[in-house]
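A short write-up of the structure that comes next.
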Amino acid sequence: MNTQDTTRPLEVACPQCRKKVLWSETNPYRPFCSKRCRLLDLGAWADESHRIAGEPAMDETDLDALLAKADRDGEPS
Ligand SMILES: [Zn+2]
């Protein structure tokens with residue numbers, strides 16, 4: 001499959017941390033800069049009732065649990 005020319009990668013701001021990130025097929029977490037930011041954002045909307053604007057929606061412990069869960073994705077529940 002032809003992947004077009006990538007001479008002009010699109011640059012977007014990570015919705016979570018606002019860091020500039022290239023929208024590239026090599027970035028599986030786009031539009032986020034990282035898995036961490038993607039999961040943080042998922043946690044934010046999944047847990048919206050506890051959400052405080054501008055604040056992280058979860059702490060590092062919760063994130064570790066989410067990451068562990070994400071590593072098992074693809075398994076039927
Ligand atoms: Zn980010």
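Following the UniProt record's numbering, the numbering of the sequence shown begins with 1 at its first residue and continues without gaps. Backbone N, C-alpha and C fix where the C-beta goes; we use that ideal spot for every residue, glycine too.
Using only CA atoms, which one of the options lies nearest to residue i?
i	options	result
TRP23	ASP41, GLY43 and VAL12	VAL12
ALA44	PRO28, PRO15, ASN27 and LEU10	PRO15
ASP41	THR26, LEU67 and GLU25	LEU67
Tell me the DSSP secondary structure of residue i in three-state form.
i	result
LYS35	helix
LYS19	coil
Less than 7 Å between the C-beta atoms of residue i and residue j, yes or no?
i	j	result
ARG38	TYR29	yes
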